[in-house]
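Student:
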Amino acid sequence: MTMEYKTSSIVTNRPPTKRKMFGDLMARIFENKYIGWVALAIALLAPFVSASSYSLNVMTTALIFVVLGAGLNIVVGYCGLLDLGYIAFLAVGAYTAGILSKMFELPVLFTLPAVLVMTILAGLIIGAPTLRLRSDYLAIVTLGFGEITRITAQNLTITGGPQGIYNIPSFLIIGDFDFQEPVIFYYLTVLIVAGLVLAAARLGKSRLGRAWKFVKEDEDAAEAMGIHTYKVKLLAYIFGAVWGGFGGMLFASHLTAISPPSFLFLQSALVLMAVVLGGMGNMKGVVVGALIISLLPEFLRDFAEYRYLLFGVLLIVVMVFRPQGLWPPRGSESERKQAKLDADALQNGIPR
Amino acid sequence: MAQIIWDGLFVGSFYALIALGYSMVYGIIKLLNFAHGDLYMVGAFIGYTILTSLGGWATSMGLFALIIVMMLSMVLTGSIGVLVERLAYRPLRGAPRLAVLITAVGASFALEYGVAAIASPNPRGFPIRLDGDIMMVLGARVTFPQIILMVIAGLLMFGLDRYIRKTSTGRAMRSISLDMKGSLLMGVNVNAVISRTFFIGSALAGAAGVMAGAYYGKIDFLMGFIIGLKAFTAAVIGGIGNVRGAMLGGLVLGLVEAFGSELVGGQWRDAFAFGVLILFLTLRPTGILGERVTERV
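Protein chains in written order, with our numbering: chain A, 1 to 352; chain B, 1001 to 1297.
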């Protein structure tokens, strides 16, 4: 172990090559502590560049997608649990907000407590029986739960069946001030999303966040060090669910109509794609990944038919050539891990 | 009652055929091949393409043409399965589980939307439809094609079982599933055997795809998704990694589903099947035949 640190310090003491200097510059820009503020400023200034209802719609949708990415990053990126039914939490949040606000003619914002309770419950129901399973079983079971959620929404009368729920009331109206106005709703979304992303990032640096990373790296070692792995994993799941619920509330409010086809497996896979592409575990990377995944289709209209094919191939390519994603968490042990992997492969003697 | 049982067994034999591929691959390299359900879809589309390009005279030959096309489709689907393994899974052998699983999701996507891009996303009608007389057996309505398809499925499964138990490749598969490193040291060509496993599993899925196309008469690029999940359920019920378990699991799942949808209504059918999966995974993750962990492929 010490040897490795030594060699790496020797490497950095060498006169920097051109490539290395470029890398340092990039690192300085990207690891700058003000980068979050810059991103927020860009988001706040974006409507001054283009404020057509179309571009506002696209941007708001992209931001909601960022919340989903942040939530799934807690589950997959921090804790290493592969959740393939993440969209179920979006559905729970969206349906809770939609049903309650319509039933009691409330602004959507007032359904927030109910949304939180329902998503936490959903997280518990899905997480409690499954989190003891091995990782690949967990993936399939969450996928099954995602499908069950959608089928349930499609078959119950309270959720409006296949038509879903429409005419969802405004997010909030104070006097003449309607938050549902596209520009105002966009700014509202920016603020909520910024808060959620920041909270998720802070969570990753907390004591709990470190426990998650430990569980991800080596569950047995974490258990041996006194971490209650089941509890920690369940907490990751519940936090992920709450983020999904927030996303669902915004989603229902933004579209004012929700129906089962919005919650297909495809959507879960796209969120996963955003997390993987951006860099599992790094909130900044995931925000970038989510923006790429949600905005890219708008720029690739001509290739609409090949879009998902491209996504699938991209997932494979990223995993084979850059498994840590575009922007991996800083100080991640990718190099050491790679060395360990190579050693393992060598030991197993299986040519790759 | 007899009707429900018969329907369950019939659907179950499809599940079993697909579950076999899942189970074999899992048994050997502990990989959940998400793309497996999509290979079933690819098989159906290959069969469709061959039949339509052959034209009217092939469709007029009915069952005989169907069997020939099914065999061709098996070979081609098997090759595609090998290709997927070579391109997507082999570079990641020894990588963390999460990475391989995500790759498998990517492979599934690539197959689904690759077919959608090539063959248009609209559903297609299968050129051959098997129609036949209805017979009453013990009060159940049984059609001739159903019997034919079940016989084909049964023969394929029987052949596979013999193959795994009696041939040297089968023995190599079993040994790899027990200890990959040991097998390598004993001179087993591990990569070749894994390729062959993918070939066989995918070929069986392809056969099921052609059969489903001919029976239901309609194919589309997402047809593999739900049935892939169900086949996984079947594999888990039987005990994943166990070939006979997968066959049994398929039949059991078919029956459970038939009775379940009778009980709670057809629109809940899929939810019911996944509920069974979750129950099994939490209560008995080793499956029905799970004790025999020592002998798995």
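Cβ atoms here follow ideal geometry from the backbone N, Cα and C, with glycine treated the same way. None of these values were measured; they are calculated from a predicted model.
Kindly give me the distance between the Cβ atoms of Leu90 of chain A and Ala139 of chain A, rounded to whole angstroms, as I take these residues to be in contact under 8 angstroms.
Tutor: 18 angstroms between Cβ atoms; not a contact.
Student: Assuming Val1142 of chain B is part of the beta strand (DSSP E), what are its boundary residues?
Tutor: Per DSSP, Val1142 of chain B belongs to the beta strand (DSSP E) from Ala1140 to Thr1143.
Student: Over what stretch of residues does the alpha helix (DSSP H) that includes Ile1237 of chain B continue unbroken?
Tutor: Unbroken alpha helix (DSSP H) run through Ile1237 of chain B: Met1223 to Gly1238.
Student: Inspect the CB distances between the stretch 271 to 291 of chain A and the stretch 191 to 209 of chain A and report whether three or more fall short of 8 angstroms.
Tutor: With the cut-off at 8 angstroms, the stretch 271 to 291 of chain A and the stretch 191 to 209 of chain A touch.
Student: Output the boundary residues of the beta strand (DSSP E) element that contains Ile1134 of chain B.
Tutor: From DSSP, the beta strand (DSSP E) with Ile1134 of chain B extends over Ile1134 to Val1137.
Student: Using 8 angstroms as the limit for Cβ to Cβ distance, is Asp136 of chain A near chain B?
Tutor: Cβ-Cβ to chain B under 8 angstroms: yes for Asp136 of chain A.
Student: Give the list of continuous alpha helix (DSSP H) stretches no shorter than 4 residues that lie fully inside the stretch 69 to 156 of chain A.
Tutor: Runs of the alpha helix (DSSP H) inside the stretch 69 to 156 of chain A: 87 to 103, 112 to 130 and 135 to 155.
Student: Does Ile1278 of chain B have its Cβ less than 8 angstroms from a Cβ in chain A?
Tutor: It does; some Cβ of chain A falls within 8 angstroms.
Student: Inspect the beta-carbon positions of Val183 of chain A and Trp212 of chain A and report whether they are closer than 8 angstroms.
Tutor: No, the pair does not count as a contact, with Cβ atoms beyond the cut-off.
Student: In the DSSP assignment, what are the bridge partners of Gly1125 of chain B?
Tutor: In the DSSP output, where bridge partners are listed per residue, Gly1125 of chain B has B:Lys1218.
Student: Would you grab the beta carbon distance between Ala1044 of chain B and Ile1219 of chain B for me? Rounded to a whole angstrom, and I think it's under 8 angstroms.
Tutor: At roughly 4 angstroms, the Cβ-Cβ gap stays under 8 angstroms, so Ala1044 of chain B and Ile1219 of chain B are in contact.
Student: If you measure between the beta carbons of Ala153 of chain A and Pro260 of chain A, is that distance less than 8 angstroms?
Tutor: Contact flag set, yes.
Student: Going by C-alpha distance, which of A:Pro107, A:Ala43 and A:Ala70 is nearest Ala274 of chain A?
Tutor: Considering only alpha carbons, the answer is A:Ala70.
Student: Under a CB-based cut-off of 8 angstroms, is Thr1294 of chain B close to chain A?
Tutor: In this predicted model, Thr1294 of chain B has a pLDDT of only 41, less than 50, meaning its place in the structure is not dependable enough to derive any value.
Student: Check the Cβ of Tyr1022 of chain B against every Cβ in chain A and list those closer than 9 angstroms, keeping chain order.
Tutor: Within 9 angstroms Cβ-Cβ: nothing; Tyr1022 of chain B doesn't reach chain A, min ~10 angstroms.
Student: So the candidates are B:Gly1239, B:Ala1246, B:Glu1262 and B:Gly1250; which of them puts its Cα closest to the Cα of Pro1285 of chain B?
Tutor: Of the listed residues, the one whose Cα sits closest to Pro1285 of chain B is B:Gly1239.
Student: Taking DSSP's pairing of strands, which residues face Asp178 of chain A in a bridge?
Tutor: Beta-bridge pairing links Asp178 of chain A to A:Ile173.
Student: Please state whether the Cβ-Cβ distance between Arg1141 of chain B and Gln1267 of chain B is less than 8 angstroms.
Tutor: Against a cut-off of 8 angstroms, the Cβ pair of Gln1267 of chain B and Arg1141 of chain B comes out as no contact.
Student: Looking at Met1024 of chain B and Thr1197 of chain B, is the spacing between their C-beta atoms short of 8 angstroms?
Tutor: Contact: yes.
Student: Excluding the five sequence neighbours on either side, which residues of its own chain have a C-beta within less than 7 angstroms of the C-beta of Gly209 of chain A, listed in chain order?
Tutor: Excluding positions up to five away in sequence, the list reads Tyr78 and Leu203.
Student: Determine the chain A residues that contact Val1256 of chain B at a beta-carbon separation under 9 angstroms, and present them in chain order.
Tutor: Residues of chain A passing the Cβ test: none, with the nearest at roughly 14 angstroms.
Student: Check the DSSP bridge columns for Ile1029 of chain B and list the partner residues they point to.
Tutor: Answer is none; Ile1029 of chain B lacks a bridge partner.
Student: State the DSSP-derived secondary structure class of Ile258 of chain A, mapped to helix, strand or coil.
Tutor: DSSP places Ile258 of chain A in strand when its eight states are reduced to three.
Student: Is it true that the CB of Phe1225 of chain B sits closer than 8 angstroms to the CB of Gly974 of chain B?
Tutor: Residue 974 of chain B is absent from the model: chain B starts at 1001 and stops at 1297.
Student: Quick one: which residues of the stretch 1184 to 1200 of chain B get their C-beta closer than 9 angstroms to a C-beta of chain A? List them in chain order.
Tutor: Flagged, chain order: Leu1184, Leu1185, Val1190 and Asn1191.
Student: Taking contact to mean 3 or more Cβ pairs, one atom from each stretch, closer than 8 angstroms, check whether the stretch 238 to 257 of chain A and the stretch 113 to 127 of chain A are in contact.
Tutor: Flag = yes, the stretch 238 to 257 of chain A and the stretch 113 to 127 of chain A touch.
Student: Counting only C-beta atoms, is Val1297 of chain B closer than 8 angstroms to chain A at any point?
Tutor: Any reading at Val1297 of chain B must be qualified, since the residue scores a pLDDT of 40, below 50, and its modelled position is unreliable; no value is offered.
Student: So if DSSP puts Ile165 of chain A in a beta bridge, which residue, or which two residues, is it bridged to?
Tutor: The partner list for Ile165 of chain A (beta bridge, DSSP) reads A:Ile258.
Student: Suppose you measure from the CA of Glu217 of chain A to the CA of Pro1096 of chain B; what does that come to, to the nearest Å?
Tutor: Answer to the nearest angstrom: the Cα atoms are 10 angstroms apart.
Student: So Thr1233 of chain B packs on Leu1253 of chain B, CB below 8 angstroms; how close in whole Å?
Tutor: Thr1233 of chain B to Leu1253 of chain B, Cβ: 6 angstroms. Contact.
Student: Taking Gly1047 of chain B as the reference, give the member of B:Ala1035, B:Lys1230, B:Ile1288 and B:Tyr1215 with the closest Cα.
Tutor: Gly1047 of chain B has its Cα closest to that of B:Tyr1215, out of B:Ala1035, B:Lys1230, B:Ile1288 and B:Tyr1215.
Student: Does Ala1231 of chain B get closer than 8 angstroms to chain A when you measure Cβ to Cβ?
Tutor: No, Ala1231 of chain B does not count as interfacial toward chain A.
Student: Any contact between the stretch 1186 to 1203 of chain B and the stretch 1009 to 1028 of chain B? By contact I mean 3 or more CB pairs, one from each, below 8 angstroms.
Tutor: As far as the Cβ criterion goes, the stretch 1186 to 1203 of chain B touches the stretch 1009 to 1028 of chain B, which means the pair count is three or higher.
Student: Looking at chain B, is there any beta carbon in it that lies within less than 8 angstroms of the beta carbon of Arg352 of chain A?
Tutor: Reliability of the predicted coordinates at Arg352 of chain A is poor, the pLDDT of 43 falling under 50, and the value obtained from them is presented with this limitation in mind. For Arg352 of chain A, the answer is yes, since a Cβ of chain B falls inside 8 angstroms of its Cβ.
Student: Buried or exposed: which applies to Tyr166 of chain A, given that a residue is buried once 16 or more other Cβ atoms fall within 10 Å of its Cβ?
Tutor: Flag for Tyr166 of chain A reads exposed.
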